[in-house]
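According to the UniProt record's numbering, the stretch in the sequence shown is residues 1 to 282, in order.
Written below as structure tokens is the structure these notes are about.
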Amino acid sequence: MSFFTNRGFEPFSSNFSSSQGFSSNPFCQPFSFDSGSSPPQCLFSRPRALLSAILFQFGFSVEPKFGRVKLSNHGLNLGFARPRNDAAPDISICSLPEPASYPVNTAAVDLIKSFEKFRSEPYLDNGTEGYPTIGWGYKCRKPDCTELLSKSYTLPLSDAQGEKLFREKLQVAVDDVRAVVGKGVDLNENQFGALVSLAYNTGRGNLEKSKLISRLNKGEDQNTVFVEETMDWVHSGGKRVRGLENRREAERQLFVTMPSGAETVAAEQPQEDSEDSECVVC
1 MSFFTNRGFE PFSSNFSSSQ GFSSNPFCQP FSFDSGSSPP QCLFSRPRAL
51 LSAILFQFGF SVEPKFGRVK LSNHGLNLGF ARPRNDAAPD ISICSLPEPA
101 SYPVNTAAVD LIKSFEKFRS EPYLDNGTEG YPTIGWGYKC RKPDCTELLS
151 KSYTLPLSDA QGEKLFREKL QVAVDDVRAV VGKGVDLNEN QFGALVSLAY
201 NTGRGNLEKS KLISRLNKGE DQNTVFVEET MDWVHSGGKR VRGLENRREA
251 ERQLFVTMPS GAETVAAEQP QEDSEDSECV VC
């Protein structure tokens, strides 16, 4: 998708190509930090690319600074493009996954994926009330999962589409946890990740009305509460399910394990993607 198209805009350099995963426009160049090599990143998310084009018309230039936009107004375009005849820049957006803001550590992501498994085509799973599942445990809202087609997915899902759909559902689980856990409850990254795994599997409704959340919000010992209250979260269709027993045990182990250099994750209200969002690592 292109907001502006004008061939009167000339990039300074062309040492990158679409074969590297980027479109050939100056707003989607890879860059690295001076301290060493790092994965290339998009310079701008969609809102920033549009903003940069508008600012360009008022004599401002833009440059990346550790993933942020730095503005200057001294008549120079700092490293992105050299305009010809005051032409508007071509800011075609590079084709990358949508940005995600979830603060979920690798241990939690690995746990979720180890129990969900990836399926490229819809299949019926226990406890999904006749609706199929696809990808990494995504429950479809239509019997044939056709709602995904309106989101530019194709069936069967590619690996990249499966990852994008996983990130979307994971973000929902993150928002659900932040919505139901009180603002005064501080969790380390493993505790937060275990709750996200639980929300990913059970949904917000079950989590919100549970004794688990009620007791956490009352300030009871977090490890004790999680271990005690997840013992019975192992049923589907009125029957105990071995796979759920194993998953709850893995979540308990993650929750009670103190991460190295532990940081707390304050419970906050879920936030909408802002115009300040960075592109994810390409």
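We put the CB at the ideal spot given by N, CA and C, even for glycine.
Bear in mind that the values here come from a model prediction, so they are computed numbers and not experimental data.
Straight-line measurement puts the Cα of L216 at about 11 Å from the Cα of E208.
K113 carries a helical assignment under DSSP once its states are collapsed to helix, strand and coil.
Cβ contact annotation for H235 (same chain, cutoff 8 Å, sequence separation greater than five): V241, L244, in chain order. Nearest neighbour of V227 by Cα position, chosen from L212, C145, R119, turns out to be L212. Under the DSSP definition of a beta bridge, T146 lacks any partner. The DSSP-derived three-state label of R141 is coil.
Remark: C-beta atoms of V256 and G193 do not approach each other more closely than 7 Å.
Note on T230: 16 or more other CB atoms within 10 angstroms of its CB, so buried under the neighbour-count rule.
Each of Q253, T202, C140 was checked against the Cα of Y123, and the nearest Cα belongs to C140. A distance below 7 Å between beta-carbons, with the five flanking residues on each side excluded, links R247 to the following residues of its chain, in chain order: F115, N201. Between L165 and G135, the C-beta gap is smaller than 7 Å, which places the two residues in contact. E220 sits in coil when the DSSP states are folded into three classes, being neither helix nor strand. By the C-beta density criterion, A160 is exposed, having fewer than 16 other C-beta atoms within 10 angstroms. For G135, the enclosing beta strand (DSSP E) covers residues 132-135. Residue burial annotation: G137 is buried, with at least 16 other C-beta atoms found within 10 angstroms of its C-beta. Between E251 and L187, the C-beta gap is not smaller than 7 Å, which leaves the two residues out of contact. Annotation: the continuous beta strand (DSSP E) that includes N188 extends over 186-188. Using a Cβ distance threshold of 7 Å, F118 and G182 do not count as a contacting pair.
By the CB criterion at 7 Å, V177 and V196 fall inside the cutoff.
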